[in-house]
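Inspection log for the structure reproduced underneath, given as C-alpha cells.
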Amino acid sequence: DSGVTQTPKHLITATGQRVTLRCSPRSGDLSVYWYQQSLDQGLQFLIQYYNGEERAKGNILERFSAQQFPDLHSELNLSSLELGDSALYFCASSVAAGGNTGELFFGEGSRLTVL
Amino acid sequence: GENVEQHPSTLSVQEGDSAVIKCTYSDSASNYFPWYKQELGKGPQLIIDIRSNVGEKKDQRIAVTLNKTAKHFSLHITETQPEDSAVYFCAASEGADGLTFGKGTHLIIQP
Numbered sequence: 026d027s028g029v030t031q032t033p034k035h036l037i038t039a040t041g042q043r044v045t046l047r048c049s050p051r052s053g054d055l056s057v058y059w060y061q062q063s064l065d066q067g068l069q070f071l072i073q074y075y076n077g078e079e080r081a082k083g084n085i086l087e088r089f090s091a092q093q094f095p096d097l098h099s100e101l102n103l104s105s106l107e108l109g110d111s112a113l114y115f116c117a118s119s120v121a122a123g124g125n126t127g128e129l130f131f132g133e134g135s136r137l138t139v140l
Numbered sequence: 866g867e868n869v870e871q872h873p874s875t876l877s878v879q880e881g882d883s884a885v886i887k888c889t890y891s892d893s894a895s896n897y898f899p900w901y902k903q904e905l906g907k908g909p910q911l912i913i914d915i916r917s918n919v920g921e922k923k924d925q926r927i928a929v930t931l932n933k934t935a936k937h938f939s940l941h942i943t944e945t946q947p948e949d950s951a952v953y954f955c956a957a958s959e960g961a962d963g964l965t966f967g968k969g970t971h972l973i974i975q976p
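Rendered as C-alpha cells:
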C-alpha cells in the first residue's frame, strides 16, 4: 500500500460527459502528480501541483483541468470526453517539488472508460 | 522537453537467466533516472534509481548503469524469478517537470 488513495477505481461514462477523479496523497507529501496511462503511450505526465500551486504542466489537454486543495488532496476534471480519453489515470505524490528529488508514490489508478 | 526511449517492449527470459532493459534520453540536463515496476492492477513502484554523478548502482539482484556521454541507462536483473514478471518503466527528470517515462517493457519470466 503506497498510502496514495484514488477514487473512483472504475468509471464508465459517455462521450461528451464530464468526470472528476480524486486523489489523496500520502500523509506529509506536498506534491501531487497526475499521469495518464494508455496501452500505446505508456505513462504520460499531465500536471503537477505543489502545496496548492500548479508547478509543472505536461501533455494536458485544454478539456482537462486540475487543482490541489488546502488539505492537499487533488482533483482532475475531464470534460467533453472523447473515446480516446479512455485510459488509466494515476495520481502520485512526493514530499518535495522537483521531479528529480526522489520517489514518487503511485495510487492504484482510476480506470476511465468512455463509450 | 525530455524524451525517453525504452527497448525492448517485450522481453522473455528463462527463470534464472539475466534480463537487460535499455533506455535513452534526450535532455542532457536530466540528472535523475529511476526505474519503476508495475504489477498487474497496481500502480508503478520504484525499484532503483541513479543520479547523474554515479555510473552504477546495485541493490541485490538489480543494478542500473548510466552513461551520461551517450545519454543512455540500463536496468540489469540477475537470477530472474517468477515474481520479476511485470512491466518495467525507466524515467528521467531534470527537476523542473515531472518524471518523463519510457513506454515500458513487459518482462516475462518463463519457468
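So the protein sequences, as listed, match chains A and B.
Note that the working numbering numbers the first sequence so that position 96 is 121, with each residue one more than the last.
Note that the working numbering numbers the second sequence so that position 15 is 880, with each residue one more than the last.
Backbone N, C-alpha and C define an ideal beta-carbon position, used for all residues, glycine too.
Quick check: residue i and residue j, are their CB atoms within less than 8 Å of each other?
i: Q73(A); j: G963(B); result: yes
i: Y114(A); j: L97(A); result: no
i: A957(B); j: L972(B); result: no
i: G28(A); j: F130(A); result: yes
Whole angstroms is fine: what's the gap from residue i's alpha carbon to residue j's?
i: V878(B); j: N76(A); result: 44 Å
i: S90(A); j: S99(A); result: 11 Å
i: K82(A); j: P976(B); result: 43 Å
i: Y901(B); j: T40(A); result: 33 Å
i: T930(B); j: I913(B); result: 11 Å
i: T12(A); j: T970(B); result: Because chain A in this structure spans residues 26 to 140, residue 12(A) falls outside the shown range and cannot be described.
i: Q92(A); j: Q42(A); result: 19 Å
i: A935(B); j: F94(A); result: 42 Å
i: V44(A); j: T38(A); result: 8 Å
i: P899(B); j: L71(A); result: 19 Å
i: E78(A); j: G967(B); result: 27 Å
i: S49(A); j: L55(A); result: 11 Å
Is there a C-beta anywhere in chain A that falls below 8 Å from the one on residue i?
i: P909(B); result: yes
i: S891(B); result: no
i: K933(B); result: no
i: Y897(B); result: yes
Using the rule of at least 16 other Cβ atoms within 10 Å of the residue's Cβ for burial, across every protein chain shown, is residue i buried or exposed?
i: Q946(B); result: exposed
i: K34(A); result: exposed
i: G132(A); result: buried
i: E948(B); result: exposed
i: R88(A); result: exposed
Cβ of residue i less than 8 Å from any chain B Cβ?
i: S27(A); result: yes
i: N76(A); result: no
i: A112(A); result: no
i: Q42(A); result: no
i: N125(A); result: yes
i: G109(A); result: no
i: D53(A); result: In the sequence under discussion, the amino acid at residue 53(A) is Gly, which differs from the Asp named in the question. G53(A) does not count as touching chain B.
Check whether the region 878–898 of chain B and the region 933–943 of chain B are in contact - that is, three or more C-beta pairs closer than 8 Å. yes
Should the region 130–138 of chain A be called in touch with the region 916–934 of chain B, which here means at least 3 C-beta pairs below 8 Å? no
Count the C-beta pairs between the region 123–130 of chain A and the region 103–113 of chain A that are closer than 8 Å, then say yes if the count reaches three, no if not. no
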